[in-house]
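Colleague: The listed protein sequences correspond, in order, to chains A and B.
No gaps in the numbering here: position 263 of the first sequence is 273 in the numbering used here, and each next residue is one more.
No gaps in the numbering here: position 161 of the second sequence is 240 in the numbering used here, and each next residue is one more.
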Amino acid sequence: MKWETVIGLEVHTQLATRSKIFSGSSTAFGAAPNTQASAVDIALPGVLPVLNKGAVECAIKFGLAIGATLNRVNVFDRKNYFYPDLPKGYQISQLAKPIVEGGALKIVVPSTDSGQSEDKVVHLTRAHLEEDAGKSLHEDFHGMTGIDLNRAGTPLLEIVSEPEMRSSAEAVAYARALHTLVTWIGICDGNMQEGSFRVDANVSVRPVGQAEFGTRREIKNLNSFKFLQQAIDYEVHWQIETLEDGGRIEQATVLFDPDTGETRMMRSKEDAHDYRYFPDPDLLPVKLDEPWIEAVRAALPELPAAMQARFQNDYGVSVYDATVLTGSRALADYFEGVARACGQGKLAANWVMGELSAALNKAELDIAQSPVSATQLGTLIARIQDGTLSGKLAKQVFEGLWEGAGEVDAIIEARGLKQMSDTGELEKIVDEVLAANPKSVEEFRAGKEKAFNALVGQVMKASRGKANPAQVNELLKARLQ
Amino acid sequence: MSDARLSALAAQLAARQVSSRELAQQYLDRIATLNPTINAFITVDADKTLAEAAAADALIAAGNAGPLTGVPIAHKDIFCTDGWLTTCGSKMLHNFIAPYDAHVIQRFKAAGMPSLGKTNMDEFAMGSSNETSHFGPVKNPWNPAYVPGGSSGGAAACVAARMAPAATGTDTGGSIRQPAALCGITGLKPTYGLVSRYGMIAFASSLDQAGPMAPSAEDCALLLNVMTGFDPKDSTSLDREKEDYTRSLDQPLTGLRVGLPKEFFAEGLNNEVAAAVETAVAELKKLGATTVEISLANSKLAIPVYYVLAPAEASSNLSRFDGVRYGYRAPDYASLDDMYCKTRAQGFGAEVKRRILIGAYVLSHGYYDAYYLQAQKIRRLIADDFNEAFKTCDVILGPTAPGTAFKLGEKSDDPVEMYLNDLYTIPANLAGLPGMSLPCGFDAKGLPIGLQLVGDYFSEAKMLNVAHQYQRVTDWHIRAPEGLK
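1. Grab me the residues of B:Ile184's own chain with a C-beta within less than 6 Å of its C-beta, minus the 5 sequence neighbours each way, in chain order.
2. What residue does the alpha helix (DSSP H) around A:Phe408 start on, and which one ends it?
3. Of the choices B:Gln425, B:Arg404 and B:Phe400, whose alpha-carbon is the least far from that of B:Cys411?
4. Cβ closer than 7 Å: which chain A residues qualify as neighbours of B:His444?
5. Straight-line CA distance for A:Asn447 to A:Phe462?
6. Let me make sure I understand the geometry here. Which of B:Asp126, B:Phe214, B:Val226 and B:Leu286 has the alpha-carbon closest to that of B:Thr483?
7. Closer than 6 Å to a non-hydrogen atom of the ligand GTP - does that hold for the CB of B:Lys486?
8. Just to make sure I have the definition right: I need the residues of chain A whose C-beta is within less than 8 Å of the C-beta of B:Pro311. Which are they?
9. Determine the extent of the beta strand (DSSP E) in which B:Lys155 is found, giving its start and end residues.
10. Output needed for B:Gly567: all residues of its chain with C-beta closer than 6 Å, excluding positions within five of it in sequence on either side, in chain order.
11. Do three or more CB pairs link the stretch 338-357 of chain B to the stretch 471-478 of chain B at distances below 8 Å?
12. So, does the CB of A:Pro493 fall closer than 7 Å to a CB anywhere in chain B?
13. What residues are listed by DSSP as bridge partners for A:Met275?
14. What did DSSP end up calling B:Leu147 once you bin it into helix, strand or coil?
15. Using C-beta distances below 7 Å, list every residue in its chain close to A:Trp412, excluding the 5 sequence neighbours before and after it, in chain order.
16. At the 7 Å Cβ level, is A:Ser29 part of the contact set with chain B, yes or no?
17. Select from the stretch 270-295 of chain B all residues with a C-beta closer than 8 Å to any C-beta belonging to chain A, and list them in chain order.
18. Mark A:Leu485 as exposed unless 16 or more other C-beta atoms lie within 10 angstroms of its C-beta, in which case mark it buried.
19. Could you pull out every unbroken beta strand (DSSP E) segment of at least 3 residues lying fully inside the stretch 156-189 of chain A, listed in chain order?
20. Would you kindly check if the distance between the Cβ of A:Pro165 and the Cβ of A:Thr27 is under 7 Å?
21. Can we say the stretch 240-260 of chain B touches the stretch 147-156 of chain B, given the rule of at least three CB pairs closer than 8 Å?
22. Tell me whether the beta-carbon of B:Thr422 lies closer than 7 Å to the beta-carbon of B:Arg408.
23. Can you name, in chain order, every residue of its own chain whose Cβ lies under 7 Å from the Cβ of A:Gln491, other than the five neighbours on each side?
24. Considering only DSSP beta bridges, list what A:Trp13 is partnered with.
25. Taking CB distances under 7 Å as the criterion, tell me whether A:Arg350 reaches chain B.
26. Which residues in the same chain have their Cβ closer than 7 Å to the Cβ of B:Ala281, if we skip the five residues on either side of it in sequence?
27. Count Cβ pairs between the stretch 48-56 of chain A and the stretch 70-86 of chain A that sit closer than 8 Å; are there 3 or more?
28. Taking the straight line between their C-alpha atoms, what separation do you get for B:Ala289 and B:Asn508?
29. Note down the Cα distance separating B:Asp310 from B:Arg399, rounded to an integer number of angstroms.
30. If you compare alpha carbons, which of B:Val441, B:Thr270, B:Ala93 and B:Asp501 is closest to B:Leu380?
31. Out of B:Glu351, B:Met200, B:Phe120 and B:Arg558, point me to the one whose CA is closest to B:Ser194's CA.
32. Out of A:Ala420, A:Ser473 and A:Glu417, which has the shortest C-alpha to C-alpha gap to A:Glu438?
33. Can you list, in chain order, the residues of the stretch 88-102 of chain A whose Cβ is nearer than 8 Å to any Cβ on chain B?
34. Return the chain-ordered list of same chain residues with a C-beta closer than 7 Å to the C-beta of B:Thr553, the five sequence neighbours on each side being excluded.
35. Using beta carbons (cut-off 7 Å, strictly below), is B:Ser99 in contact with chain A?
36. Establish whether the CB of B:Ser212 and some CB of chain A are separated by less than 7 Å.
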């Protein structure tokens with residue numbers, strides 16, 4: 011039997027506000043336990059939540075960026091359950107009236123077979139605001155559990171997709187596109203190690219052609235794209251195998267173990283809580299008015315999709331290149347800086363995605379930390395374009411820039427990397443090479459094209475790489491005719 | 080001390096006839112004498128009180144006194160008070176010392192009013208007799224065999240017994256007005272949102288409101304001036320201009336239209352109470368008021384609606400009492416779940432557990448629409464009835480409670496009978512309207528009778544005006560229990 015995979019993702023993004031969603035405590039990561047937990051965060055008797063407007067603004071930004079409906083009146087509910095790192099005994103979230111509904115995200119799925127990429131649109135169900143819980147620390151307490159409430163009350167936007175993805179590659183492409191977007195519009199720092207972007211994957215399989223969904227299992231808390239891919243692949247494999255062996259899938263929540271690469275059951279549907287949601291009487295319904303929404307819209311940066319289209323139009327780069335170059339706002343800004351400085355979109359794209367990316371990867375640096383500025387790289391490309399540098403020389407200049415040896419022209423000057431432009435000098439070298447290689451000349455005249463290339467190589471060598479290859483070709487041809 | 084009116088005390092303080100310390104000491108002495116009988120206070124701390132009084136004396140000496148600076152006041156043990164035990168009448172918080180002041184406490188401190196201590200109350204404000212307190216029942220100063228009402232029973236009893244010139248209370252379904260009626264004092268529950276709930280331990284957030292309790296309406300007006308005001312820490316606090324609630328006290332009642340809801344004078348009302356309220360109506364007519372019959376048809380549903388909504392909110396509000404961070408924790412447990420179960424089984428009393436169970440039930444999957452949602456709809460209808468009524472009258476008048484104080488233990492085995500005591504007070508909470516109770520007579524057993532005024536939103540000054548004019552021609556509010564000298 012042929013099986014089809016169905017995946018929907020729920021992503022918890024920590025919003026990049028300075029203070030918590032319902033208190034004034036700092037949201038900075040990594041402080042000593044319980045030093046960023048106020049009376050409100052630890053839920054002392056009598057305390058009350060006050061909504062942080064900054065968090066609402068983040069949600070508005072996101073809704074606008076995905077073309078969603080912003081609910082002009084949205085409501086906070088209480089989700090009731092007991093856990094030691096949930097101080098109030100309920101989480102303030104949004105159930106019936108979330109702030110964002112609908113919207114869509116364009117994703118580009120790299121195809122493994124053809125080497126081509128494929129465009130797809132994934133629709134979103136909703137995105138709602140809620141508070142994070144604290145952390146339970148099970149180690150270091152000798153059979154007891156320590157509670158750190160620094161994270162309690164950190165604002166989250168939970169972003170829920172429709173079950174429209176059909177492979178782990180699509181799920182990863184969606185998660186990446188979402189990650190790009192939320193960091194792009196500045197509502198999330200995107201740090202997956204610190205838990206700023208956590209993915210839950212709802213996975214089911216069904217026979218190809220069947221209309222209704224299979225029973226899903228939810229894989230919780232995946233904090234890297236690699237784990238997301240591995241977890242889904244394992245889960246799909248497990249579900250198909252179970253069904254083909256005549257078994258049944260039961261609705262459950264599972265955890266992915268990166269060490270074994272397997273998913274294992276955390277709780278079954280029978281253990282599911284009744285959260286007893288109801289509107290939080292301590293908070294008024296959130297009202298979004300048009301001036302507020304328009305002010306947020308006006309402050310939005312150009313979005314990745316718009317920038318991709320513009321890069322294709324303005325700089326003539328391919329769909330794939332445009333997608334890669336808009337992988338982050340920093341990268342896109344960098345590319346655009348280079349392209350503007352040299353006026354050569356395609357060359358700029360090649361250098362940014364080629365030489366620069368390779369160097370950054372090797373040095374494990376982020377684009378923002380690049381030792382070579384966009385202006386420098388642009389100038390370098392301009393020097394190729396105006397004939398000052400050959401591609402090969404340019405790489406040497408790039409190395410100089412990377413080492414911090416100065417500006418492009420200074421490096422060319424200091425290291426004598428200027429391409430030979432004096433025809434007299436070049437003619438001399440050509441004549442010398444021809445005189446020194448009578449055999450090659452003879453072979454060429456006898457019709458061996460390869461011999462010509464050997465002569466070009468000799469001239470380049472004699473010029474120590476500074477000769478203009480096009481000029482060399484021309485001169486050699488003239489001499490040999 | 081017989082003239083316990085706040086304005087008189089403030090005048091004596093201003094004239095340096097008495098110091099705040101002396102005044103506080105007099106009340107502390109009376110508390111020391113009477114509290115063993117009345118049990119109105121859970122916590123008294125003379126050193127703290129006297130230190131606050133000394134600070135008030137310094138303010139007076141420096142010429143920085145406000146209208147009530149130096150006048151002591153007792154606080155219901157539902158308000159978090161920095162450095163004081165704050166128990167909410169529960170074993171669950173028997174050891175909880177609050178690390179911060181509730182907004183209301185801050186305001187009284189800022190006004191220079193020393194705290195006489197923390198008053199007894201029904202556990203987590205759930206009760207109408209003060210018998211659910213972990214710290215034992217409060218006795219009615221008019222007859223210690225009778226209950227003082229609840230949940231602000233300690234507050235009402237300490238004012239009635241002149242152990243304090245005034246007290247703070249909170250009212251979710253009648254918890255200021257009903258004990259005020261049963262103890263023969265004046266108490267006012269303001270419009271929802273007028274007084275910040277920050278630091279007031281939540282029972283039912285959409286209904287809870289703090290207010291003043293004192294012998295007279297004038298006292299309540301002065302206290303309300305201190306208590307009210309916008310607080311950014313409470314999202315349901317109303318951002319409106321500050322009012323002087325004493326401004327209309329002396330206005331004549333000529334032309335006042337008093338609405339009499341026919342449903343409040345029907346079956347279930349004690350005859351003596353009915354007679355006393357009718358006499359009070361006649362008194363108001365003499366002062367120039369006219370009466371109009373009104374109908375609050377949906378108010379008969381107030382009790383069932385209240386006993387869905389209040390427990391629903393309470394079941395969630397009380398989840399934080401889990402033994403993890405503060406308060407009571409069971410001494411022995413085998414696991415996390417066991418710790419939760421034992422802590423909450425041992426830390427909460429029967430009435431609190433009953434309401435948590437009801438609340439969890441009405442919010443649970445499959446029952447939410449039938450109970451919680453339905454109750455919210457009826458709540459709207461009850462509020463609509465009031466809006467309609469206020470088109471034809473300025474203030475609504477009726478009994479505060481269906482009877483006078485009942486004996487300790489008389490209703491404690493029958494929760495529904497107990498709940499019916501709040502029949503007339505709950506509708507105002509559901510609608511968010513201000514309500515007050517003032518003394519209007521005594522029954523044959525010598526127990527006080529209270530009458531209730533319910534006003535339109537933000538009409539506290541008008542209600543206080545009506546009550547004050549009534550109190551100018553009557554002396555029910557001045558009478559104090561005889562047996563407690």
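Built from N, CA and C at the ideal position, the CB exists for glycine as well.
Modeller: Considering the structure as presented:
1. In the second sequence, residue 184 of chain B corresponds to position 105, counting from 1. Same-chain partners within the cutoff: Phe158 and Thr160.
2. Reading the first sequence from its first residue, position 398 is the one you call residue 408 of chain A. Start and end: Gly401 to Glu413.
3. In the second sequence, the residue the question calls residue 411 of chain B occupies position 332. One point to set straight first is that residue 411 of chain B is Asp, not Cys, in the sequence displayed. Measuring from the Cα of B:Asp411, the nearest candidate turns out to be B:Gln425.
4. In the second sequence, the residue the question calls residue 444 of chain B occupies position 365. What B:His444 touches in chain A: Asp284.
5. Translated into the one-based positions of the first sequence, residue 447 of chain A becomes position 437. Translated into the one-based positions of the first sequence, residue 462 of chain A becomes position 452. One C-alpha to the other measures close to 11 Å.
6. Numbered from 1 along the second sequence, position 404 holds the residue referred to as residue 483 of chain B. Minimum Cα distance to B:Thr483 is reached at B:Val226.
7. Among the components modelled here there is no ligand, and therefore nothing to report on the ligand GTP.
8. In the second sequence, counting from the first residue as 1, residue 311 of chain B sits at position 232. Residues of chain A passing the Cβ test: Val60.
9. Taking the first residue of the second sequence as position 1, residue 155 of chain B is located at position 76. Unbroken beta strand (DSSP E) run through B:Lys155: Ile152 to Lys155.
10. With chain B running from 80 to 564 in the structure shown, residue 567 of chain B is simply not present.
11. yes
12. Within the shown structure, residues of chain A are numbered from 11 to 491, placing residue 493 of chain A beyond reach of any answer.
13. The residue given as residue 275 of chain A occupies position 265 in the first sequence. BP columns for A:Met275 point to A:Val264.
14. Taking the second sequence and counting its residues from 1, the one referred to as residue 147 of chain B is at position 68. If DSSP states are grouped into helix, strand and coil, B:Leu147 belongs with coil.
15. Position 402 of the first sequence holds residue 412 of chain A. So the qualifying residues of the chain are Ala369, Pro381 and Val382.
16. Indexing the first sequence from 1 puts residue 29 of chain A at position 19. Chain B, which has no Cβ nearer than 7 Å to the Cβ of A:Ser29, makes this no.
17. Arg276, Tyr277, Gly278, Met279, Ile280, Ala281, Ala283, Ser284 and Ser285
18. Numbered from its first residue, the first sequence carries residue 485 of chain A at position 475. A:Leu485 comes out buried.
19. 156-158 and 165-171
20. Locating residue 27 of chain A in the first sequence gives position 17, where the first residue counts as 1. Locating residue 165 of chain A in the first sequence gives position 155, where the first residue counts as 1. It is a contact, given that the beta carbons lie within the stated cut-off.
21. Yes, the stretch 240-260 of chain B is in contact with the stretch 147-156 of chain B.
22. Translated into positions along the second sequence, residue 422 of chain B becomes position 343. Translated into positions along the second sequence, residue 408 of chain B becomes position 329. Yes, the Cβ-Cβ distance between B:Thr422 and B:Arg408 is below 7 Å.
23. Numbered from 1 along the first sequence, position 481 holds the residue referred to as residue 491 of chain A. If we look at A:Gln491 and ignore the five residues flanking it on each side, it has no Cβ neighbours.
24. Numbered from 1 along the first sequence, position 3 holds the residue referred to as residue 13 of chain A. Partner(s): A:Pro217.
25. By one-based count along the first sequence, residue 350 of chain A stands at place 340. Cβ-Cβ to chain B under 7 Å: no for A:Arg350.
26. Counting from 1 along the second sequence, the entry for residue 281 of chain B is found at position 202. Once the five neighbours on either side are set aside, the close Cβ partners of B:Ala281 are Asp287 and Asn396.
27. The way I'd put it, the stretch 48-56 of chain A doesn't touch the stretch 70-86 of chain A; fewer than three beta-carbon pairs between them come closer than 8 Å.
28. On the second sequence, residue 289 of chain B is found 210 positions in, with the first residue counted as 1. On the second sequence, residue 508 of chain B is found 429 positions in, with the first residue counted as 1. Their backbone Cα atoms lie some 12 Å apart in a straight line.
29. As a working note, residue 310 of chain B is residue 231 in the second sequence. As a working note, residue 399 of chain B is residue 320 in the second sequence. Roughly 23 Å separates the two Cα atoms.
30. By 1-based counting over the second sequence, the position of residue 380 of chain B is 301. Taking only the C-alpha atoms, the option nearest B:Leu380 is B:Asp501.
31. Residue mapping note: residue 194 of chain B aligns to position 115 of the second sequence, counting from 1. Of the listed residues, the one whose Cα sits closest to B:Ser194 is B:Phe120.
32. In the first sequence, residue 438 of chain A corresponds to position 428, counting from 1. It should be noted that the sequence gives Lys, not Glu, for residue 438 of chain A. Of A:Ala420, A:Ser473 and A:Glu417, the residue nearest in Cα terms is A:Ser473.
33. Arg88, Asn90, Phe92, Pro94, Pro97, Lys98, Gly99 and Tyr100
34. Here residue 553 of chain B refers to the residue found at position 474 of the second sequence. Here the set comprises Glu362.
35. Here residue 99 of chain B refers to the residue found at position 20 of the second sequence. Taking Cβ atoms only, chain A never reaches closer than 7 Å to B:Ser99, which makes this a no.
36. Reading the second sequence from its first residue, position 133 is the one you call residue 212 of chain B. So, not an interface residue.
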